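Chains as they are written, first to last, in my numbering: chain V, 37 to 149; chain P, 36 to 149.
Just so you know, even glycine gets a beta-carbon here, dropped at the ideal spot from N, CA and C.
Since the model is a prediction, treat every value here as computed from it, not as a measurement.
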């Protein structure tokens, strides 16, 4: 069936370095790709999203790129800080049903001070 | 900050007990969801609702049931809990725009069935 694959499952970086998380999706109808950050003991929270008519979007230290032809999208965090440590989920919208998503399996990011 | 609340946050119960996980949102969102989050972090949709008196099952088969009598309230019930139901349950809601809506998640209810 349709799904989203996310890599890596764990990632450790030194404070100040960049972190990149990659996702691939299979549903050609997907047109909205959000990224969620889940801190320990909390629910996921949207940090950035991108729509299919845009190739790149940036918000301060966070950027997302989308390649619709290849069906992959990536999250880039620059100048990482310890508070960036969390689990990150990518997601892709499902067809035309609205507000349902395929979620990736999550990446546990640790930023080492 | 999202106005969606889940209770209880943590629950430890014995096998065979009936439990209800509460979820309420004050944003007036029509769409609400229940996700089950495994220890390995993956999110699985188990129930969703697009409005009052509307409930549907999600991708992951679940023995739980839900109801949507009021827009703001979407409780999940397990009639007879088993150890296999041990998991974290996340409630979410979204605005009605198709395929463009942010999901607002509660902080989760962590259920342990002994």
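Burial check for residue 67/P: the Cβ neighbour count within 10 Å reaches 16 or more, so the residue is buried. Using a Cβ distance threshold of 7 angstroms, residue 98/V and residue 55/V do not count as a contacting pair. The beta strand (DSSP E) runs of length 3 or more contained entirely in the region 101-126 of chain P are, from start to end of the chain, 111-113. Counting the other Cβ atoms within 10 Å of the Cβ of residue 117/V gives fewer than 16, which makes it exposed. Beyond the five residues adjoining it in sequence on each side, residue 48/V comes within less than 7 angstroms, by CB distance, of 146 and 148 in the same chain, given in chain order. Non-local C-beta neighbours of residue 89/P in its own chain, meaning closer than 7 angstroms and more than five positions away in sequence, comprise 103, ordered along the chain. Counting only residues of its own chain and dropping the five nearest sequence neighbours on each side, residue 130/V has a CB closer than 8 angstroms to the CB of 38, 63, 65, 66, 136, 137 and 138.
Assigned with DSSP and collapsed to three states, residue 118/V falls in helix. Residue pairing by DSSP places residue 103/V opposite 108/V in a beta bridge.
Looking from the CA of residue 76/V, the closest CA among 90/V, 122/V, 106/V and 110/V belongs to 122/V. According to the DSSP assignment, residue 143/V belongs to the beta strand (DSSP E) that extends over 143-148. Residue state for residue 146/P is assigned as strand, using DSSP reduced to three classes.
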